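Heads up, the thing below is written out as structure tokens.
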Amino acid sequence: MATFTIYLLRESVVTAEDAVVTGAKPHIIADGPSDYGKLFVKPTHPKPPKWADLFESYVDKTLLGTVQSSSAAFIVPVDDRLFALTFGQGRFLLHPDAYEERFGLVVTLNSIGSDALRSIDKRTFVDDQNSRVQTSQASSALSFGVDIERDLIRGIVGRPLSEKLGRRLAGADALTVTTDAAVPDLRRLLRRYLKKFQSKDYQANFPWVDQVCQLNPKGQKATRLDALLVEKLKDAWSKNGLIEGCWLAVPDIVDWSLVDGFKFTQWAGEGVSNDLHLPGLVQAFPNEEPTLRFLRKHYAMPVDDEEKALDRWPIYRCIHCEIDEGDKSFILSAGRWFEIDKDFVTDVDTAFKNIPRYTKPLPTYEQAHTDEDGYNKAAVVGSQGQWCLMDKKLLPVGGVYDKVEFCDIYGRGELIHIKHYGSSSVLGHLFNQGLVSGELLKSHAGYVDLANAALTPTHQLTPDIKGAKMPRNVSGYIIVFGIISQSDKPDLHLPFFAKVVLKSVYTRLSELGYGSIMLAKISCDPMVKLMKAVKPKKRIKKQTKK
Numbered sequence: 003m004a005t006f007t008i009y010l011l012r013e014s015v016v017t018a019e020d021a022v023v024t025g026a027k028p029h030i031i032a033d034g035p036s037d038y039g040k041l042f043v044k045p046t047h048p049k050p051p052k053w054a055d056l057f058e059s060y061v062d063k064t065l066l067g068t069v070q071s072s073s074a075a076f077i078v079p080v081d082d083r084l085f086a087l088t089f090g091q092g093r094f095l096l097h098p099d100a101y102e103e104r105f106g107l108v109v110t111l112n113s114i115g116s117d118a119l120r121s122i123d124k125r126t127f128v129d130d131q132n133s134r135v136q137t138s139q140a141s142s143a144l145s146f147g148v149d150i151e152r153d154l155i156r157g158i159v160g161r162p163l164s165e166k167l168g169r170r171l172a173g174a175d176a177l178t179v180t181t182d183a184a185v186p187d188l189r190r191l192l193r194r195y196l197k198k199f200q201s202k203d204y205q206a207n208f209p210w211v212d213q214v215c216q217l218n219p220k221g222q223k224a225t226r227l228d229a230l231l232v233e234k235l236k237d238a239w240s241k242n243g244l245i246e247g248c249w250l251a252v253p254d255i256v257d258w259s260l261v262d263g264f265k266f267t268q269w270a271g272e273g274v275s276n277d278l279h280l281p282g283l284v285q286a287f288p289n290e291e292p293t294l295r296f297l298r299k300h301y302a303m304p305v306d307d308e309e310k311a312l313d314r315w316p317i318y319r320c321i322h323c324e325i326d327e328g329d330k331s332f333i334l335s336a337g338r339w340f341e342i343d344k345d346f347v348t349d350v351d352t353a354f355k356n357i358p359r360y361t362k363p364l365p366t367y368e369q370a371h372t373d374e375d376g377y378n379k380a381a382v383v384g385s386q387g388q389w390c391l392m393d394k395k396l397l398p399v400g401g402v403y404d405k406v407e408f409c410d411i412y413g414r415g416e417l418i419h420i421k422h423y424g425s426s427s428v429l430g431h432l433f434n435q436g437l438v439s440g441e442l443l444k445s446h447a448g449y450v451d452l453a454n455a456a457l458t459p460t461h462q463l464t465p466d467i468k469g470a471k472m473p474r475n476v477s478g479y480i481i482v483f484g485i486i487s488q489s490d491k492p493d494l495h496l497p498f499f500a501k502v503v504l505k506s507v508y509t510r511l512s513e514l515g516y517g518s519i520m521l522a523k524i525s526c527d528p529m530v531k532l533m534k535a536v537k538p539k540k541r542i543k544k545q546t547k548k
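In my numbering, the protein residues as written are 3 to 548.
See below:
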């Protein structure tokens with residue numbers, strides 16, 4: 003019984019040499035008239051193990067033995083296609099763009115039953131968290147806690163329905179298979195895998211797998227999309243940064259009480275932008291060409307009131323770009339390209355448009371507010387008693403949540419959560435914050451008492467009747483997500499994955515029975531939208547000689 007790691011090479015790879023990096027020596031694997039393929043081996047040299055340095059002062063290194071890594075790739079032709087079977091570190095012998103993405107995943111899905119999964123590797127779009135979930139027995143995807151709208155499936159392990167496909171399959175880009183096949187049997191086995199890859203049967207049991215897939219950053223699709231991005235940005239440079247379908251957003255959650263603005267250089271004369279946006283980037287580098295190297299080697303930085311950088315992100319990671327081609331949409335988010343099914347995009351966009359907009363006026367975000375805290379305080383002061391400030395008032399609920407915010411401002415049954423516009427992860431945090439509070443208000447026995455302890459006497463929630471059973475009736479409450487946006491457009495335009503999270507949160511809060519869940523755009527004063535604010539230079543007092 004042997005374990006093989008198998009890659010399907012792209013149709014553009016014509017010869018074995020086209021797929022393999024230089025430095026690997028080829029060997030013809032044949033038996034008489036039977037030519038099975040070419041084995042590429044990279045020569046390695048024995049060396050002392052890494053831990054040998056620890057004992058160098060006490061023991062002669064030559065007495066501690068040596069280690070030697072192996073790298074090999076066996077290229078096998080099958081029906082006008084080429085496969086690569088890698089051994090040891092052999093995957094590094096292949097060019098990163100030489101093999102098909104998701105080959106192993108599709109083969110595995112087409113070879114197992116819907117309830118025959120043993121392990122799933124998944125990544126949450128917004129939180130950027132990778133996880134592997136395993137079970138002691140074969141199970142369905144539901145048993146692994148897969149959220150079909152918010153999780154990206156990276157790899158799957160399961161037992162195939164037919165033993166002719168192997169004893170166990172693990173699929174991602176590569177297919178890892180345990181089988182008793184010998185070299186003469188490989189071509190027949192690989193032909194079965196090729197047919198499985200070309201089949202769409204898996205869509206009957208796993209239709210959600212094709213909703214979103216992350217592209218190999220060095221693969222052909224991502225490379226082509228990067229080229230289209232560069233062309234789009236060249237157009238932006240010629241139009242002072244004003245283009246459709248491409249913008250900048252803060253990629254991480256920041257402490258707005260410390261952030262005074264954003265810069266793209268350390269030059270004091272550049273000035274500070276109130277927000278990240280393409281016009282500001284173009285102003286900072288008016289004579290630069292927006293190549294990929296430029297986008298990855300230059301940074302966006304949140305700065306404090308002394309223009310000291312608090313963090314820095316590659317500009318490429320701050321870009322959100324949406325490109326449509328045929329029945330697919332491609333989205334650059336947090337430095338990664340994703341291919342998204344058009345039906346899924348339509349479903350998410352429709353749900354987003356159907357979320358009610360908050361019609362009551364919210365104060366404009368002004369230059370004097372400086373941050374979210376300042377805005378929330380000013381909104382409460384100017385509401386003539388309508389709202390109560392709950393920002394930064396953490397309720398000690400205990401358990402996995404520990405301490406949570408009830409909301410930012412509260413009044414007359416309306417829980418309003420407020421955040422600056424940002425990337426999907428930033429806005430996803432806002433929506434999930436509202437969901438956690440909403441779930442606790444629905445079901446946590448002591449939550450009303452904790453909230454009332456933080457609320458002013460004029461804004462108390464209706465106390466629970468003594469001995470009342472959970473869950474509560476929350477139909478009298480409205481949850482509002484307010485987003486501070488500098489856009490001149492009348493409605494909000496959120497990053498795609500932020501809309502995915504919002505759709506899920508909206509559905510969950512609706513199921514809990516809330517009166518309504520709404521979106522609100524908080525507009526900015528034109529003074530806030532000024533591209534740059536350059537601080538005056540400090541005057542240096544001349545010292546007089548005594």
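Even glycine gets a Cβ: it sits at the ideal position worked out from N, Cα and C.
It should be emphasised that the depicted structure is a prediction, and the values quoted were computed from it without experimental measurement.
- [ ] Using three-state DSSP, classify residue 317 as helix, strand or coil.
- [x] As a first step, residue 317 is located in the sequence shown; it is residue number 315 there, counting from the start. Helix.
Task: Sub-8 Å separation of residue 453 and residue 397 beta-carbons - done: One-based indexing of the sequence shown puts residue 453 at position 451. One-based indexing of the sequence shown puts residue 397 at position 395. Going by C-beta atoms, residue 453 is nearer than 8 Å to residue 397.
Task: DSSP bridge partner residues for residue 39 (one or two, in chain order) - done: Here residue 39 refers to the residue found at position 37 when the sequence shown is read from its first residue. Answer by DSSP bridge pairing, in chain order: 31.
Open item on the list: Could you compute how far the alpha carbon of residue 13 sits from the alpha carbon of residue 288?
Closed with: To locate residue 13, count along the sequence shown from 1; it is residue 11. To locate residue 288, count along the sequence shown from 1; it is residue 286. Near 41 Å, if we compare the C-alpha coordinates of residue 288 and residue 13.
Task: Identity of the residue in 387, 338, 178 nearest residue 160 by Cα - done: Residue 160 sits at position 158 when you count from the first residue of the sequence shown. Comparing Cα-Cα distances from residue 160 to each of 387, 338, 178, the minimum goes to 178.
Open item on the list: On the criterion of 16 or more Cβ atoms from any shown chain inside 10 Å, does residue 389 qualify as buried, or is it exposed?
Closed with: Taking the first residue of the sequence shown as 1, we reach residue 389 at position 387. Classification for residue 389: buried.
Open item on the list: Is it the case that the segment 298-317 contacts the segment 459-471, given that we only count it when at least three CB pairs across the two stretches are under 8 Å?
Closed with: no
Task: Closest by C-alpha distance to residue 442, when choosing among 134, 505, 427, 475 - done: For this step, residue 442 is matched to residue 440 along the sequence shown. Residue 475 is the option with its Cα nearest to residue 442.
Open item on the list: Assuming residue 431 is part of the alpha helix (DSSP H), what are its boundary residues?
Closed with: Translated into the one-based positions of the sequence shown, residue 431 becomes position 429. That run of the alpha helix (DSSP H) goes 426-445.
TODO: Quick one: give me the first and last residue of the alpha helix (DSSP H) that residue 498 is part of.
DONE: In the sequence shown, residue 498 corresponds to position 496, counting from 1. Residues 498-514.
Open item on the list: Tell me which residue opens and which closes the alpha helix (DSSP H) that residue 449 is part of.
Closed with: For this step, residue 449 is matched to residue 447 along the sequence shown. Element bounds for residue 449: 449-456.
Task: Local conformation of residue 244 per DSSP, three classes - done: Stepping through the sequence shown from its first residue, residue 244 is reached at position 242. If DSSP states are grouped into helix, strand and coil, residue 244 belongs with coil.
Open item on the list: With H, G and I counted as helix, E and B as strand and the rest as coil, what does DSSP make of residue 371?
Closed with: The residue labelled residue 371 in the question sits at position 369 within the sequence shown. If DSSP states are grouped into helix, strand and coil, residue 371 belongs with the helices.
- [ ] Would you decide whether residue 328 is buried or exposed? Buried here means 16 or more other CB atoms lie within 10 Å of its CB.
- [x] Residue mapping note: residue 328 aligns to position 326 of the sequence shown, counting from 1. Looking at its Cβ environment, which holds fewer than 16 other Cβ atoms inside 10 Å, residue 328 is exposed.
Task: Counted within 10 angstroms of its Cβ, other Cβ atoms place residue 30 as buried (16 or more) or exposed - done: Your numbering for residue 30 matches position 28 in the sequence shown. It is exposed - the Cβ of residue 30 has fewer than 16 other Cβ atoms within 10 Å.
Open item on the list: Tell me which residue opens and which closes the alpha helix (DSSP H) that residue 18 is part of.
Closed with: As a position in the sequence shown, residue 18 is number 16, starting the count at 1. Counting along the chain, the alpha helix (DSSP H) containing residue 18 begins and ends at 18-21.
TODO: Quick one: residues in its chain with C-beta nearer than 6 Å to the C-beta of residue 521, no 5 flanking neighbours on either side, listed in chain order?
DONE: As a first step, residue 521 must be located in the sequence shown, where it is residue number 519. For residue 521, same chain residues with a beta-carbon under 6 Å away, outside a window of 5 residues either side, are 357, 359, 483 in chain order.
- [ ] Give the C-beta separation of residue 94 and residue 74 to the nearest angstrom, bearing in mind that I take them to be a contact with Cβ-Cβ under 8 Å.
- [x] The sequence position of residue 94 within the sequence shown is 92, counting from 1. The sequence position of residue 74 within the sequence shown is 72, counting from 1. Actually they are not in contact, since the Cβ atoms of residue 94 and residue 74 sit about 11 Å apart, beyond 8 Å.
Task: In DSSP terms, what residue 295 is bridged to - done: Residue mapping note: residue 295 aligns to position 293 of the sequence shown, counting from 1. Partner(s): none; residue 295 has no beta bridge.
Task: Proximity to residue 527 [Cα-Cα], best of 367, 3, 222 - done: Translated into the one-based positions of the sequence shown, residue 527 becomes position 525. Residue 367 is the option with its Cα nearest to residue 527.
Task: residue 429 vs residue 370 beta-carbon contact at 8 Å - done: For the purposes of this step, residue 429 is taken as residue 427 along the sequence shown, with counting starting at 1. For the purposes of this step, residue 370 is taken as residue 368 along the sequence shown, with counting starting at 1. Pairing residue 429 with residue 370 gives a Cβ-Cβ distance that is not under 8 Å.
- [ ] Look at the alpha carbon of residue 394 and the alpha carbon of residue 416, and state the distance between them as a whole number of angstroms.
- [x] Position 392 of the sequence shown, counted from the first residue, corresponds to residue 394. Position 414 of the sequence shown, counted from the first residue, corresponds to residue 416. The alpha-carbon atoms of residue 394 and residue 416 are separated by roughly 17 Å.
Open item on the list: Going residue by residue through the segment 171-228, where are the continuous alpha helix (DSSP H) segments of at least 4 residues, counting only ones entirely within it?
Closed with: 188-200, 204-207
- [ ] Compute the distance between the beta-carbons of residue 39 and residue 15, then report whether it is under 8 Å.
- [x] Numbered from its first residue, the sequence shown carries residue 39 at position 37. Numbered from its first residue, the sequence shown carries residue 15 at position 13. Contact flag unset, no.
Task: Three CB pairs or more closer than 8 Å across the segment 188-199 and the segment 18-28 - done: A contact is defined here as three or more CB-CB pairs under 8 Å, and the segment 188-199 fails this definition with respect to the segment 18-28.
Task: Cβ-based burial, residue 47 [other Cβ within 10 Å; buried from 16] - done: Counting from 1 along the sequence shown, the entry for residue 47 is found at position 45. Counting Cβ neighbours within 10 Å, residue 47 comes out exposed, since fewer than 16 surround it.
TODO: Taking 8 Å as the cut-off, decide whether the C-beta atoms of residue 68 and residue 50 are in contact.
DONE: The residue given as residue 68 occupies position 66 in the sequence shown. The residue given as residue 50 occupies position 48 in the sequence shown. For the pair residue 68 and residue 50, the CB atoms are nearer than the 8 Å cut-off.
Task: Backbone CA spacing between residue 234 and residue 279 [nearest angstrom] - done: Along the sequence shown, read from residue 1 onward, the residue named residue 234 stands at position 232. Along the sequence shown, read from residue 1 onward, the residue named residue 279 stands at position 277. Cα to Cα, residue 234 sits roughly 15 Å from residue 279.
TODO: Give a yes or no on whether the C-beta atoms belonging to residue 207 and residue 116 are separated by under 8 Å.
DONE: Here residue 207 corresponds to residue number 205 of the sequence shown, with the count starting at 1. Here residue 116 corresponds to residue number 114 of the sequence shown, with the count starting at 1. Cβ distance < 8 Å, so residue 207 and residue 116 count as in contact.
Open item on the list: Between the alpha carbons of residue 422 and residue 486, how many angstroms are there, rounded?
Closed with: By 1-based counting over the sequence shown, the position of residue 422 is 420. By 1-based counting over the sequence shown, the position of residue 486 is 484. Answer to the nearest angstrom: the Cα atoms are 5 Å apart.
Open item on the list: Let's see if you can read the secondary structure: which residues bound the alpha helix (DSSP H) around residue 355?
Closed with: Reading the sequence shown from its first residue, position 353 is the one you call residue 355. Residue 355 -> alpha helix (DSSP H) spans 344-356.
Task: Unbroken beta strand (DSSP E) run spanning residue 105, endpoints - done: Residue mapping note: residue 105 aligns to position 103 of the sequence shown, counting from 1. No beta strand (DSSP E) contains residue 105, which is instead part of the alpha helix (DSSP H) from 105-113.
Task: Selected residue, minimal CA-CA separation from residue 492, among 519, 461, 473, 525 - done: Against the sequence shown, residue 492 aligns to sequence position 490. The residue from 519, 461, 473, 525 with its alpha-carbon nearest to that of residue 492 is 525.
TODO: Along the beta strand (DSSP E) that carries residue 154, what are the first and last residues, could you check?
DONE: Taking the sequence shown and counting its residues from 1, one reaches residue 154 at position 152. That run of the beta strand (DSSP E) goes 153-160.
Open item on the list: Please state whether the Cβ-Cβ distance between residue 355 and residue 343 is less than 8 Å.
Closed with: Start at 1 with the first residue of the sequence shown, and residue 355 comes out as number 353. Start at 1 with the first residue of the sequence shown, and residue 343 comes out as number 341. No, the Cβ-Cβ distance between residue 355 and residue 343 is not below 8 Å.
Open item on the list: Quick check: the Cα distance between residue 553 and residue 412, rounded to an integer number of angstroms?
Closed with: No answer is possible for residue 553: it lies beyond the span of the chain, which begins at 3 and ends at 548.
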